[in-house]
Amino acid sequence: MPQPQLSAGHLSRRNFLQLWSLATAATLCDPRAFGQARVPQSRLASDTMRPQFHLMPARGWMNDPNGPIYAHGRYHIFCQHNPEAAVWGNMSWAHMVSDDMIHWRHLPLAIAPTPNSIDSYGIFSGSCLIVGKRVYAVYTATELSDAAHATTRGKPNFRESQRLAWSDDPMLLHWTKEPDAIVPTPPADLHEVTGFRDPSIWQQGGVYYMTVGAGESGKGGCVLIYSSRDLKRWSYLHKFAEGEWHGTVQDDKVASGEMWECPDFFALDGGHVLIYSTEGKVYWQSGKLDTETMRFQASKTGVLDLGTYYAPKTQLDAHGNRILWGWIPERRPESDTVAAGWAGVMSLPRVLHLDADGTLRMDTLPTLQALRGAPVSVSTSNLTQRVRLPKSNGEILATPAPRVNAQCIVRNAADNTEIAAVHYDSATHRFHAGDQSFELHATDTADIHLFADGSVLEFILGHRAGCTRRFYLPNAPDLLIEMSGVAKAAAWPLRPISPDRLTTLPQA
Numbered sequence: 001m002p003q004p005q006l007s008a009g010h011l012s013r014r015n016f017l018q019l020w021s022l023a024t025a026a027t028l029c030d031p032r033a034f035g036q037a038r039v040p041q042s043r044l045a046s047d048t049m050r051p052q053f054h055l056m057p058a059r060g061w062m063n064d065p066n067g068p069i070y071a072h073g074r075y076h077i078f079c080q081h082n083p084e085a086a087v088w089g090n091m092s093w094a095h096m097v098s099d100d101m102i103h104w105r106h107l108p109l110a111i112a113p114t115p116n117s118i119d120s121y122g123i124f125s126g127s128c129l130i131v132g133k134r135v136y137a138v139y140t141a142t143e144l145s146d147a148a149h150a151t152t153r154g155k156p157n158f159r160e161s162q163r164l165a166w167s168d169d170p171m172l173l174h175w176t177k178e179p180d181a182i183v184p185t186p187p188a189d190l191h192e193v194t195g196f197r198d199p200s201i202w203q204q205g206g207v208y209y210m211t212v213g214a215g216e217s218g219k220g221g222c223v224l225i226y227s228s229r230d231l232k233r234w235s236y237l238h239k240f241a242e243g244e245w246h247g248t249v250q251d252d253k254v255a256s257g258e259m260w261e262c263p264d265f266f267a268l269d270g271g272h273v274l275i276y277s278t279e280g281k282v283y284w285q286s287g288k289l290d291t292e293t294m295r296f297q298a299s300k301t302g303v304l305d306l307g308t309y310y311a312p313k314t315q316l317d318a319h320g321n322r323i324l325w326g327w328i329p330e331r332r333p334e335s336d337t338v339a340a341g342w343a344g345v346m347s348l349p350r351v352l353h354l355d356a357d358g359t360l361r362m363d364t365l366p367t368l369q370a371l372r373g374a375p376v377s378v379s380t381s382n383l384t385q386r387v388r389l390p391k392s393n394g395e396i397l398a399t400p401a402p403r404v405n406a407q408c409i410v411r412n413a414a415d416n417t418e419i420a421a422v423h424y425d426s427a428t429h430r431f432h433a434g435d436q437s438f439e440l441h442a443t444d445t446a447d448i449h450l451f452a453d454g455s456v457l458e459f460i461l462g463h464r465a466g467c468t469r470r471f472y473l474p475n476a477p478d479l480l481i482e483m484s485g486v487a488k489a490a491a492w493p494l495r496p497i498s499p500d501r502l503t504t505l506p507q508a
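full-length UniProt numbering puts the first residue of the sequence shown at 1, with every later residue one more than the last.
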């Protein structure tokens with residue numbers, strides 16, 4: 001288990017993963033984070049637990065998606081990455097490029113720590129914005145600090161500030177860092193700061209705006225908002241959103257709700273949406289932004305995903321659709337990830353929409369259908385349907401019968417053990433997954449959309465929320481999907497996005 005003195009920050013995301021997976025203790029200063037025996041590429045390529053159609057670095061650790069953007073006719077996405085080992089540490093921005101958001105090519109590290117600078121301890125999460133032909137990145141720079149100047153306290157203490165970098169080349173290969181922090185410290189009216197990180201940026205009416213995740217000990221997490229005319233000189237406006245602390249005392253201020261991470265704010269279908277991560281979950285709020293005062297009034301809220309999913313980030317695609325990416329953490333011991341040589345997976349891209357009443361909706365990117373092979377046979381008997389997905393791979397789309405309870409259970413076909421299950425209660429119009437649930441609208445269709453990929457299960461339930469799970473079975477056994485109360489179902493195998501599981505080859 002993690003050492004109890006580990007505190008908030010991206011450490012908290014690491015704690016989130018480790019606490020779920022019963023991992024062994026490891027601190028940020030662990031030398032393993034900066035060099036391990038490299039797992040041979042042949043073993044990475046043959047690892048049947050390694051997903052085949054989810055994006056991930058070729059090796060090493062990944063967590064939060066960072067700065068996804070459509071620029072110069074291509075899709076770029078970055079992520080928190082340790083290129084040296086399959087454990088948290090040495091945080092840099094990995095860089096991938098694509099023409100279709102499905103097939104990706106890895107490029108060299110985009111942004112890495114600069115020794116003896118404000119980001120010498122690590123490049124934490126951030127966002128990108130295109131202005132003319134230049135792409136800007138804002139990110140959290142971290143450096144070791146004494147407790148008096150730290151924004152995140154624990155073992156070790158470190159200071160967070162917001163830094164700017166930019167790239168003028170079409171492939172975003174070369175980045176120049178602004179020498180000094182654009183926002184060096186949290187606002188003075190924040191007391192006992194629990195963190196100060198993960199900037200998100202947009203342009204509106206000739207002004208640039210930036211939100212930053214933060215919080216106050218004993219008070220609660222919050223999102224701060226800043227404005228600028230030139231991207232270099234920023235003025236603090238006010239708290240953009242905040243929560244109330246529930247009174248749970250923990251060393252990890254994110255787990256206690258005293259720190260909000262990875263805020264992402266955007267306009268959507270006539271309204272506005274704020275997404276943030278805290279207490280091991282991802283929350284969304286919808287409402288209206290007063291563009292004169294830059295104050296956000298939330299009217300609805302919900303949980304984005306009921307499972308193993310954290311720190312998401314959105315972007316606009318070439319057609320103006322709002323696309324959501326998230327981090328799927330591991331849930332196995334750290335010793336297993338070290339032996340495997342990789343840790344962390346990017347979620348499939350999801351398209352977001354907002355109902356007229358402010359309800360957030362989602363579906364996977366429709367063009368993922370291009371990966372489908374020939375349909376898999378579905379056996380049907382009295383509203384019970386069974387599908388066998390060979391080698392833990394495939395997609396299922398099921399529609400429950402009207403006014404009937406339904407469930408979808410994923411089993412290991414070799415021994416019939418249950419891996420995951422979701423349930424739909426027709427009387428309450430609610431989906432249940434473990435101890436979490438959410439209610440559909442009366443007119444909603446309770447569709448169940450499932451993707452299975454090596455060691456990942458991604459459900460989209462009722463076009464309303466995700467439910468992401470991890471499972472670890474050697475040698476990629478077949479999965480048996482049992483569905484009851486289902487009127488119709490279809491299933492397909494899905495082709496890998498790379499012939500070697502490493503997603504490193506240039507696209508054809």
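Every residue, glycine too, gets a C-beta built ideally from N, C-alpha and C.
As the structure is a computational prediction, the values presented were derived from the model and not from experiment.
In this structure, the straight-line span from the alpha carbon of Tyr283 to that of Pro113 is close to 30 angstroms.
Note on geometry: alpha-carbon atoms of Glu261 and Gly126 lie some 11 angstroms from one another.
Excluding its 5 nearest sequence neighbours in each direction, Phe296 has C-beta neighbours in its own chain below 7 angstroms: Phe240, Ala241, His272, Leu274, Gly287 and Leu289, listed in chain order. Counting along the chain, Gln41 sits inside the alpha helix (DSSP H) bounded by residues Gln41 to Ser46. Judged by beta-carbon spacing, Val212 lies within the 8 angstroms limit of Pro199, meaning their Cβ atoms are closer than that value.
Gln250 sits in coil when the DSSP states are folded into three classes, being neither helix nor strand. Bounds of any alpha helix (DSSP H) do not take in Thr359, whose DSSP letter is neither H nor E. Distances from the CA of Ile111 to each of Ser117, Arg388 and Phe78 were compared; the closest alpha carbon is that of Phe78. Annotation: the continuous alpha helix (DSSP H) that includes Asp336 extends over Glu334 to Ala340.
Counting only runs of at least 3 residues, the segment 86-141 fully encloses the following beta strand (DSSP E) elements, listed from N- to C-terminal order: 92-98, 104-111 and 122-131. In this structure, the beta-carbon distance from His81 to Ala71 does not fall below 8 angstroms. Three or more beta-carbon pairs separated by less than 8 angstroms are not found between the segment 354-369 and the segment 377-390, which leaves the two stretches without contact. Positions of the beta strand (DSSP E) runs, each at least 3 residues long and wholly inside the segment 208-255, are given as 220-228 and 234-242 in order along the chain. Across the structure, Met294 and Ala374 are spaced so that their CA atoms are roughly 51 angstroms apart. Annotated three-state conformation of Gln52 is coil, per DSSP.
Assignment of beta-bridge partners to Asn393 by DSSP yields Asp453. Residues His81 and Ala94 of the same chain have their beta carbon placed closer than 6 angstroms to that of Pro57, with the five preceding and five following residues left out of the count. In the three-state DSSP reduction, Thr468 falls in the strand class (E or B).
Inter-segment contact for the segment 388-401 and the segment 474-482 is present: three or more beta-carbon pairs are separated by less than 8 angstroms. DSSP places Leu304 in the coil class of the three-state scheme, outside both helix and strand. The DSSP-derived three-state label of Ala370 is helix. Beta bridge pairing from DSSP links Ala413 with no other residue. One Cα belongs to Gly154, the other to Arg74, and the distance between them is close to 41 angstroms.
In this structure, DSSP gives His423 an extended state, which the three-state scheme calls strand. Per DSSP, the beta bridge partners of Ile275 are Asp264 and Trp284. The alpha carbon of Pro333 has as its nearest neighbour, out of Ala343, Leu44 and His463, the alpha carbon of Ala343. If you draw a straight line from the Cα of Phe158 to the Cα of Ser381, it is about 60 angstroms long. Residue range Arg430 to Ala433 is occupied by the beta strand (DSSP E) that includes His432. Residue environment analysis places Ser379 among the exposed positions, since fewer than 16 neighbouring C-beta atoms fall within 10 angstroms of its C-beta.
Taken through DSSP and simplified to helix, strand or coil, His76 comes out as strand. Here the C-alpha atom of Tyr276 lies approximately 19 angstroms from the C-alpha atom of Gly218. With respect to the 8 angstroms criterion, Gly215 and Met259 are classified as neighbours on the basis of their beta carbons. Residue pairing for Glu258: DSSP places it in no beta bridge. With the rule of 3 Cβ pairs closer than 8 angstroms, the segment 167-177 does not count as touching the segment 224-239. Ala188 sits in coil when the DSSP states are folded into three classes, being neither helix nor strand.
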